[in-house]
Amino acid sequence: MVQRVALVTGSSRGIGRAIALRLARGGAAVAVNYRERRDQAQEVVEAITRSGGRAVAIAGDIASAVDCTRLVEAAREALGPIDILVNNAGVFRRGDLADFDFTQMDGMRNVNVDGLARVTRAVVGDMQARRWGRIVNIASIAGIGTTAVGTTFYAATKAAVIILTRRFALDLGPHGITVNAIAPGFIETDMASQSGADFAVLAAKAMMRRVGTPDDIAAAAAFLASEDAGFVTAQVLTVDGGRTDFIAHT
């Protein structure tokens, strides 16, 4: 069995951490990317190695073009050519048209859109050479159009992730590379808890009457990164417990 090499951006905690651990359980060697939380990233690496896997923690700010290139180079040097990329790193800034601080838009776009594209471009050469690759982008149901206030401009960046997913799938499909996105609903993470969100209210908006967990998203990512998903590409898999508060239903 071929051991795949995976790079998961923003994987020191939350959804990225769960994805890194899940891919490792499936046999992948994992590059755990972090920006500041080295200790948390190292904890993920240690959890993987204790279970007999291979992993390495690599610092890198996805907002930096230089760091994006260095991150991929370091992952390749430590673990080998990258087969699986999960673009998980993301930034959220609250605001709607009347109150948004537009100086924050560059920060969101640099990570959520430009950084995603830069890391993707840096890894595809390895995938094209072997005619096999899996790219999974973490979008959001905000990019599809939920009614949650304060998320308008964040939603715009995640809508961009969705269209980039489909366009990259078109470009890379002939090389044996699939590109898909996951659109999570509200997921219970440390960051979400610190935001002061009312979990009970959010749970009531989902058909399943609960908020999601990082493992819910990791399970979807593991499928899209697997051999079984070889004929699945250009898709957006919504994992939101059946949210009912969309602006438009089509």
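The sequence shown runs 731 to 980 under the working numbering. Each residue gets a CB set at the ideal place from its N, CA and C atoms; glycine is no exception.
Spatial distance of residue i from residue j (CA atoms)
i	j	result
A754	A828	44 Å
D946	G740	17 Å
A1002	D901	With the chain running from 731 to 980 in the structure shown, residue 1002 is simply not present.
A951	V854	18 Å
S956	V735	12 Å
W862	F961	12 Å
G825	L967	26 Å
F830	V879	12 Å
A933	R806	41 Å
L954	A948	10 Å
N817	G756	18 Å
G746	T881	21 Å
R864	D958	11 Å
A771	A936	31 Å
A847	D813	16 Å
I917	G875	17 Å
R768	R860	32 Å
A795	V738	17 Å
N840	E766	17 Å
S742	D836	23 Å
V802	F832	31 Å
E998	Y764	Outside the modelled stretch of the chain, which goes from 731 to 980, sits residue 998, for which no answer is possible.
Nearest-angstrom Cβ-Cβ length linking residue i and residue j, presumed shorter than 8 Å
i	j	result
A787	V762	5 Å
A777	L751	6 Å
L809	V849	Going by Cβ atoms, the distance from L809 to V849 rounds to 15 Å, so no, they are not a contact pair.
Own chain residues within Cβ distance below 6 Å of residue i, not counting five before or after
i	result
G915	I871, G942, D970, G971 and R973
D877	One point to set straight first is that residue 877 is Thr, not Asp, in the sequence displayed. Here the set comprises D975 and I977.
T895	N867, V909 and A911
R823	Q834 and M838
Q858	H905
A869	K888, V891, I892, A911 and A913
A885	A872 and G873
I749	V738, V816, A948 and A951
G783	A754
Q965	N910
Status (buried if at least 16 other CB within 10 Å, exposed otherwise) for residue i
i	result
D797	buried
R897	exposed
V732	exposed
H883	Here residue 883 turns out to be Phe, not His, going by the sequence shown. Buried.
I893	exposed
D928	exposed
S781	exposed
G873	buried
T779	exposed
R851	exposed
A759	buried
A913	buried
V931	exposed
Own chain partners of residue i with C-beta closer than 7 Å, once the 5 adjacent residues on each side are dropped
i	result
N842	G820, V821, T887, K888 and V891
G845	I792, A793, C798 and A819
V775	V762, A785, V786 and A787
T963	A899, G903, T908, V909 and N910
G744	T919, D920, M921 and P944
R800	G790
R939	A933
Contact set for residue i: own chain, Cβ-Cβ below 8 Å, skip 5 residues either direction
i	result
D856	R806, P811, I812, D813 and G863
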